[in-house]
Amino acid sequence: MLHTDCSVAGQPASSADARQAVLALIDRGCPAAGRTDRIDVSLMITELIANAFRHAGNLVLLEARVSPDTVDICVSDRDTRLPAPRPATDAADGPGGEEGGFGWPMVLALASSVTVTRPASGGKRIRVLLHLVLPLPDPRTA
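In full-length UniProt numbering, the protein residues as written are 1 to 142.
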C-alpha cells in the first residue's frame with residue numbers, strides 16, 4: 001500500500017499552515033478524497049492545534065500520514081492534562097468571557113478513532129484516524 005508521509009517538527013506558524021500542509025499531503029497521497037473528508041480533516045487539525053496552544057501553550061509536534069483510504073494525524077504537546085468534554089458555552093458564559101467546549105466533541109464525532117497517550121518523555125499525544133469516504137468508480141467508464 002502506498003503511503004505518503006509528512007512530519008512537521010516544532011510549531012507551525014498557524015493552524016492555517018498546518019491545514020494547508022496536511023491537505024497538500026492528501027492531494028499527493030489520496031487525490032480521490034472528497035470535499036467532505038477535506039473539511040473534516042481541516043476541522044480536526046484546527047481544533048487539535050488550537051487546543052495545544054490554548055491549554056498547553058505550545059505544540060511540540062504535528063505529524064500526518066496519508067494512505068489511499070485513511071488520514072492519521074498526531075498532535076503532541078507538553079501538557080499532561082488529558083482532553084475532556086466540558087459544557088459548551090458562548091463568549092458571554094464561558095470562563096474569562098471565552099467561548100468553548102465545542103471542539104473536543106467535534107473531534108470525537110468526526111474521527112474514526114481517537115487515542116490519547118502520555119509518552120515517557122512527558123506531555124500528551126493525541127492521535128486521530130479518519131477513514132476516507134472515497135467516491136465509487138463510475139461503472140460507465142470502467
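Think of the CB as a built atom: it goes at the ideal place given N, C-alpha and C, for glycine as much as any other residue.
Buried or exposed (CB count within 10 angstroms, at least 16 for buried), residue i
i, result
"isoleucine 73", "buried"
"leucine 2", "Low per-residue confidence applies at leucine 2: pLDDT is 41, beneath 50, and the placement is therefore not dependable, though the value from the model is reported in the following sentence. Result: exposed."
"serine 15", "buried"
"alanine 18", "buried"
"isoleucine 39", "exposed"
"serine 7", "Residue confidence is low: serine 7 scores 46 on pLDDT, short of 50, so the model does not pin down where it sits. No coordinate-derived value is stated."
"glycine 122", "exposed"
Pick from the options that is closest to residue i, judged by C-alpha positions
i, options, result
"leucine 82", "Ala32, Arg125, Val60", "Arg125"
"aspartate 37", "Asp69, Pro105, Ala56", "Asp69"
"proline 35", "Thr141, Pro139, Arg140, Leu132", "The sequence given here has arginine at residue 35, not proline. Taking only the C-alpha atoms, the option nearest arginine 35 is Leu132."
"arginine 78", "Leu59, Gly103, Val66, Pro85", "Leu59"
"leucine 134", "Ala32, Thr115, Ala21", "Ala32"
"residue 145", "Ala24, Gly29, Arg28", "Because the chain in this structure spans residues 1 to 142, residue 145 falls outside the shown range and cannot be described."
In DSSP terms, what residue i is bridged to
i, result
"leucine 130", "Val71"
Kindly provide the ranges of any beta strand (DSSP E) runs that are 3 or more residues long and lie completely inside the UniProt domain "Histidine kinase/HSP90-like ATPase" (11-128), ordered along the chain.
61-67, 70-77, 113-117
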